[in-house]
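Visitor:
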Amino acid sequence: MPVKPGARLMQGNEACAEGALAAGLSFFAGYPITPSTEIAEYLAEHLPARGGVYIQMEDEIASMAAVVGASLAGAKAMTATSGPGFSLKQENLGFAAITEAPCVVVNVQRQGPSTGLPTSPSHGDLMQARWGTHGDHPVVVLVPWSVRECFDLTLHAFNVAERLRIPVVILTDEVIAHMREKVVLPEAGSLVVEDRARPDRAAGPALPYDDRQGDVPPMTVFGDGHRAHVTGLIHDRRGYPAGPGPATEALLKRLQGKVDSRPELVIAEEEETADAEVLVVAIGCVARSAARAIRLARAEGIAAGLLRPVTLWPFPGERVRAIAGRVRGIVVPEMNLGQMVLEVERVAGGRAPVHLYPRVDGNLITPEEVLGSIREVARG
Amino acid sequence: MSRREIRLSGEGGQGIILGGIILAEAAAVHGGLNAVQTQSYGPESRGGASRCEVVLSREAIDYPKVIRPDVVLVMNREAADRYAGDVSPGGTVIVDSTFVEEVPDTVGRVCRVPITRLAREHFGREIVANIIALGIVAGLTDLVRRDALERAVADRVPPATRDLNLKALDVGYRAAAEIPGPATP
Amino acid sequence: MSTALAEKYLRVERLPHIWCRGCGHGIVLGALVRAMDEVGLDLDRTVVVSGIGCASRAAGYLNCDGLHTTHGRALAFATGVKLARPELRVIVIAGDGDLAAIGGNHFIHAARRNLDLTCICFNNQVYGMTSGQHSPTSPRLSLAPTAPYGHLEREFDLCELARAVGAGYVARAAAYNPRAMTRLLVRALDLRGFSFVEVLSQCPTYFGRRNRLGGAVDMLKWQKEHTVDVARAREMDPAELEGKVVTGELHRAEYPEYTAAYAELVSRVKGETGR
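Top to bottom, those sequences are chains A, B and C. First residue of the first sequence? That's 1 in this note's numbering, and the numbers climb one at a time after it. First residue of the second sequence? That's 381 in this note's numbering, and the numbers climb one at a time after it. First residue of the third sequence? That's 566 in this note's numbering, and the numbers climb one at a time after it.
If you want it as structure tokens, here you go:
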């Protein structure tokens with residue numbers, strides 16, 4: 001089994017790859033791009049020994065396409081990329097969403113736009129991860145803050161993808177991806193691994209999008225004898241192209257509803273929020289700076305707390321709203337010019353002032369910088 | 381051990397990052413500490429500035445980068461100019477005097493060792509300078525036990541070069557022992 | 566096509582198809598059905614993958630697993646399907662714009678890998694679905710709404726490209742001769758490796774009308790008059806071949822097939838790991 005007990009020093013990218021293997025990854029298609037390449041390299045080395053398929057495709061578009069094709073043929077499939085490559089994945093990410101092909105995409109964020117700073121961290125892709133492909137579509141976006149969480153959330157990403165038949169995005173960044181950290185991975189036997197539901201083959205051919213079976217129809221995998229038709233066009237439950245009208249609306253609402261109707265998908269972690277007068281909302285590596293900053297603030301007598309969205313999308317809006325009602329202000333440190341802050345402002349709804357601390361010079365925000373913002377809010 | 385921060389710096393090709401990985405692994409896997417290792421590097425595979433940071437602690441490590449380093453290793457002139465001055469009061473700056481003549485003013489103790497020259501003299505190859513430097517770092521501090529470091533070196537270097545690297549580590553420890561003054565930090 | 570064949574191989578409930586009167590694509594689909602029948606493909610173990618365009622709608626009419634993907638990407642999706650389940654037969658249907666323009670890179674690399682796919686290009690020299698713009702196979706100086714003064718680029722020889730990058734089988738057929746087309750498609754389906762068949766189809770609605778080539782029958786006659794079988798072409802000198810299109814089996818070669826090579830790699834790695 002891939003997961004060996006005991007402490008080891010592991011890189012974030014390696015932990016993503018290990019998490020995928022623990023989830024039963026059977027297909028990886030990728031294209032080299034810094035700072036995500038270690039995921040592909042790790043899987044190129046380790047997937048064949050487990051009978052899985054690793055392939056480096058001719059470009060990012062093709063690797064996303066191959067992932068979706070493999071998923072439709074029954075594989076647990078993933079790709080990994082970074083900024084410019086994530087832009088190219090968007091086309092077929094949308095295809096995965098409308099065809100309900102479970103898959104996982106890791107985007108190791110680097111400073112953009114365009115080629116940007118290839119070896120520097122950023123959180124510039126937060127909105128792209130939600131809205132990057134055209135049209136309304138469901139997506140779950142997970143943001144790990146440690147090497148261990150790279151493992152846990154990649155496994156979780158597969159479980160959510162398989163359970164809901166949706167693409168799931170893991171947003172890491174150059175810091176978390178390249179950082180090596182001491183980890184103790186869980187025993188393989190202790191992990192929960194979910195697989196997509198498939199129609200009972202004994203019952204004969206099933207419809208590929210039989211919404212009468214629930215909002216996540218059992219998946220008619222290619223080669224299982226269902227003779228399923230799958231198209232990126234708006235389609236009916238037989239998979240056949242449909243025109244404008246109520247069926248189109250019903251399909252899009254069902255797809256979006258897979259995420260919207262499941263509040264249990266939302267994950268957030270809180271530190272010292274119970275009595276906080278200043279709330280910091282931060283994700284990924286920035287949350288590590290923020291965690292230190294709230295301790296420094298408390299040492300100075302400022303009651304600061306941290307809320308860390310683990311699911312960036314769906315956003316933990318209810319928690320932020322609840323805390324917003326009892327704090328003096330909210331600090332949102334971001335390695336971009338203000339993306340998550342828009343969502344924080346929206347959910348806070350004026351209950352507390354929201355302060356953005358942006359940094360876009362290609363370096364991680366420091367605890368001292370977050371502390372500075374906390375002090376400003378505390379002073380009012 | 382409360383939070384300790386180590387910054388290793390030099391240029392691409394000097395094995396700076398591998399050195400940091402080995403130090404972190406020795407502390408984390410064989411030394412029972414928490415460890416985080418990060419790096420910054422340019423697009424070049426060889427040449428260009430290379431910086432590797434290691435944070436060690438008994439406690440969970442939040443911010444993964446160095447704030448004020450307790451130990452700074454500088455393996456070339458540019459690294460000395462940029463990082464030697466950052467060391468914390470009472471900290472240690474280890475300088476490869478093969479390449480660095482002048483060290484900027486610092487509040488820490490400066491230890492000059494001709495690391496690369498030692499590599500050349502003892503082994504006829506500069507490539508083990510990073511492991512000698514690790515021996516010096518470990519010899520001058522209480523960051524990791526020697527057996528832990530030896531195991532980490534043996535695990536991380538190519539098997540064919542294991543003995544060579546363990547000998548290089550020993551050269552580092554012996555060089556550290558010859559430096560006068562108290563063990564710090 | 567006989568009713569029995571149609572009922573077995575087509576999703577009859579989806580007919581009539583969306584193609585215009587006189588379009589060559591129905592002829593190609595008919596030949597493909599006959600070839601599938603002759604080869605004896607198991608429809609429960611066959612996946613037809615297509616991209617976007619008039620040709621790509623063919624995937625929706627065939628009564629097997631079908632995957633109607635994004636523009637140009639059919640071969641990349643098909644690569645995933647085939648590698649995930651190598652026991653499936655995977656047929657890729659593409660138009661000329663789909664395969665040679667937006668999907669050109671995928672075409673090159675799928676052929677180069679010699680992955681076991683059969684790729685059929687319905688070449689009507691035009692973007693029919695978007696109403697007649699020029700494609701990479703449009704003849705030089707032909708007219709299109711996006712080339713109102715004549716198209717300046719040279720046309721792409723897709724068979725030559727496929728051969729050059731390592732496809733295991735390359736053939737060209739024309740809609741005027743469905744019997745020969747069926748024969749070539751049977752051989753393509755029989756090959757383990759990347760087989761490519763380019764089929765000259767006709768688009769009287771856009772290409773024919775814009776370029777004053779007459780109706781469908783005139784365009785089929787043009788095909789008959791301007792195509793030369795490869796066996797006869799070998800005996801003709803270059804001057805005689807000027808302006809002619811060579812049809813038939815153009816290339817066949819033995820290269821290692823990708824899924825077989827990958828399976829070998831897996832057993833090699835597993836052997837080493839197990840030691």
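Using N, Cα and C, we set each Cβ at its ideal position, and we do this for glycine too.
Please go through the region 791 to 817 of chain C and give each complete alpha helix (DSSP H) segment of 4 or more residues, from N-terminal end onward.
Guide: Correct list: 795 to 798 and 803 to 806.
Visitor: Give every residue of the same chain whose Cβ lies closer than 6 Å to the Cβ of serine 36 of chain A, excluding the five residues on either side of it in the sequence, and list them in chain order.
Guide: Ala80, Thr81, Ser82 and Val108, listed in sequence order.
Visitor: Taking the alpha-carbon positions, what's the glutamate 763 of chain C to isoleucine 234 of chain A distance?
Guide: One C-alpha to the other measures close to 30 Å.
Visitor: Smallest Cα separation from alanine 745 of chain C: which of C:Asp794, C:Ser700 and C:Ala727?
Guide: Looking at the Cα atoms, C:Asp794 is the closest of the given residues.
Visitor: Compare the C-beta of alanine 17 of chain A with all C-beta atoms of chain C and state if any pair is closer than 8 Å.
Guide: Closer than 8 Å: no.
Visitor: Does the contact criterion of 3 or more C-beta pairs under 8 Å hold for the region 60 to 69 of chain A versus the region 7 to 18 of chain A?
Guide: No contact exists between the region 60 to 69 of chain A and the region 7 to 18 of chain A.
Visitor: Residues of chain A with a CB under 9 Å from the CB of asparagine 414 of chain B: which are they?
Guide: The contacting residues are Glu181 and Lys182.
Visitor: Just the C-alpha distance for glutamine 690 of chain C and serine 567 of chain C, rounded to the nearest angstrom, thanks.
Guide: Those two C-alpha atoms are separated by around 29 Å.
Visitor: Just the Cα atoms here: how many angstroms apart are lysine 445 of chain B and glutamine 339 of chain A?
Guide: Cα-Cα distance, rounded: 24 Å.
Visitor: Take alanine 29 of chain A and list the residues in its own chain whose beta-carbon comes closer than 6 Å to its own, dropping the five residues that flank it on each side.
Guide: Counting only Cβ-Cβ distances below 6 Å, and skipping sequence neighbours, we find Ile55, Met57, Ser63, Ala66, Val67 and Thr79.
Visitor: Closer than 8 Å is the cut-off here; do at least three beta carbon pairs connect the region 131 to 144 of chain A with the region 88 to 99 of chain A?
Guide: Counting Cβ pairs under 8 Å, three or more are found: they touch.
Visitor: Rounded to a whole number of angstroms, what is the C-alpha to C-alpha distance between alanine 556 of chain B and arginine 431 of chain B?
Guide: So the alpha carbons of these two residues sit roughly 22 Å apart.
Visitor: Assuming alanine 620 of chain C and isoleucine 592 of chain C are in contact, meaning their beta carbons sit under 8 Å apart, how far apart are those beta carbons, in whole angstroms?
Guide: The Cβ separation is near 12 Å, so there is no contact.
Visitor: Looking only at C-alpha atoms, which of C:Glu652, C:Glu800, C:Thr770 and C:Ser615 sits nearest to glycine 660 of chain C?
Guide: Here the closest residue by C-alpha is C:Ser615.
Visitor: I'd like to check one pair, valine 490 of chain B with valine 475 of chain B: are the Cβ atoms closer than 8 Å?
Guide: Their beta carbons are under 8 Å apart, which means valine 475 of chain B touches valine 490 of chain B by this criterion.
Visitor: Compare the C-alpha of alanine 408 of chain B against each of B:Ser437, B:Ile507, B:Arg448 and B:Gly465 and name the closest.
Guide: Nearest C-alpha to alanine 408 of chain B: B:Ser437.
Visitor: Since isoleucine 401 of chain B meets chain A, which of its residues come closer than 8 Å, beta carbon to beta carbon?
Guide: Within chain A, the residues near isoleucine 401 of chain B are Leu9 and Arg180.
Visitor: Nearest by alpha-carbon distance to arginine 728 of chain C: which of C:Val751, C:Pro704 and C:Gly758 is it?
Guide: Residue C:Gly758 is the option with its Cα nearest to arginine 728 of chain C.
Visitor: For glycine 239 of chain A, which option in A:Pro246, A:Arg227, A:Glu249 and A:Gly245 has the closest C-alpha, if you only look at C-alpha atoms?
Guide: Residue A:Arg227 is the option with its Cα nearest to glycine 239 of chain A.
Visitor: Could you tell me whether the region 342 to 353 of chain A touches the region 386 to 402 of chain B, using the rule of 3 or more Cβ pairs below 8 Å?
Guide: No, because fewer than three Cβ pairs between the region 342 to 353 of chain A and the region 386 to 402 of chain B fall closer than 8 Å, the two stretches do not touch.
Visitor: Output the boundary residues of the alpha helix (DSSP H) element that contains lysine 573 of chain C.
Guide: Element bounds for lysine 573 of chain C: 568 to 574.
Visitor: Whose Cβ in chain A lies nearer than 7 Å to the Cβ of lysine 445 of chain B?
Guide: Here the neighbours are Leu364.
Visitor: Using a beta-carbon distance cut-off of less than 9 Å, what residues from the region 59 to 93 of chain A approach chain C?
Guide: If the cut-off is 9 Å between Cβ atoms, the region 59 to 93 of chain A has Asp59, Ile61, Ala62, Ser63, Met64, Ala65, Ala66, Val67, Val68, Gly69, Ala70, Ser71, Leu72, Ala73, Gly74, Ala75, Ala77, Glu91 and Asn92 near chain C.
Visitor: With a 10 Å radius around its C-beta and 16 neighbouring C-beta atoms as the bar for buried, classify glutamate 566 of chain B as buried or exposed.
Guide: Outside the shown range of chain B, which is 381 to 565, sits residue 566 of chain B, and nothing can be said about it.
Visitor: Bridge partners of tyrosine 357 of chain A, per DSSP?
Guide: DSSP output for tyrosine 357 of chain A lists A:Pro333 as bridge partner(s).
Visitor: By the criterion of Cβ-Cβ separation under 7 Å, what are the contact partners of valine 280 of chain A in chain B?
Guide: Here the premise fails: no neighbours, minimum Cβ distance about 12 Å.
Visitor: For the beta strand (DSSP E) containing proline 118 of chain A, name the first residue and the last one.
Guide: 117 to 121 is the span of the beta strand (DSSP E), which, as asked, contains proline 118 of chain A.
Visitor: My assumption, with CB atoms under 8 Å, is that leucine 171 of chain A sits in contact with aspartate 125 of chain A. Please give the rounded CB distance.
Guide: Yes, leucine 171 of chain A and aspartate 125 of chain A are in contact; Cβ-Cβ is about 7 Å, under 8 Å.
Visitor: Measuring only between beta-carbons, confirm whether isoleucine 55 of chain A sits less than 8 Å from chain C.
Guide: Yes, its Cβ sits closer than 8 Å to a Cβ of chain C.
Visitor: Got a sec? Which residues, its chain only, sit under 6 Å from methionine 694 of chain C by beta carbon, not counting five neighbours each side?
Guide: Cβ neighbours of methionine 694 of chain C beyond the five flanking positions: Gly618 and Cys619.
Visitor: Against chain E, which members of the region 282 to 294 of chain A pass a CB distance test of less than 8 Å?
Guide: No chain E appears in this structure, whose protein chains are A, B and C.
Visitor: Tell me lysine 182 of chain A's beta-bridge partners as DSSP assigns them.
Guide: DSSP lists A:Leu9 as partners of lysine 182 of chain A.
Visitor: Which residue comes first and which comes last in the alpha helix (DSSP H) that contains leucine 632 of chain C?
Guide: Taken as a continuous stretch (DSSP letters only), leucine 632 of chain C belongs to no alpha helix (DSSP H), being part of the beta strand (DSSP E) at 630 to 633.
Visitor: Looking at the structure shown, is alanine 666 of chain C part of a helix, part of a strand, or coil, going by DSSP?
Guide: Of the three classes helix, strand and coil, the one that applies to alanine 666 of chain C here is helix, per DSSP.
Visitor: Please confirm whether glutamate 481 of chain B has its beta-carbon closer than 8 Å to some beta-carbon of chain A.
Guide: Output row for glutamate 481 of chain B: interface = no.
Visitor: Listing by chain order, which chain A residues have their CB less than 8 Å from the CB of valine 524 of chain B?
Guide: Chain A residues near valine 524 of chain B: none, gap ~13 Å exceeds 8 Å.
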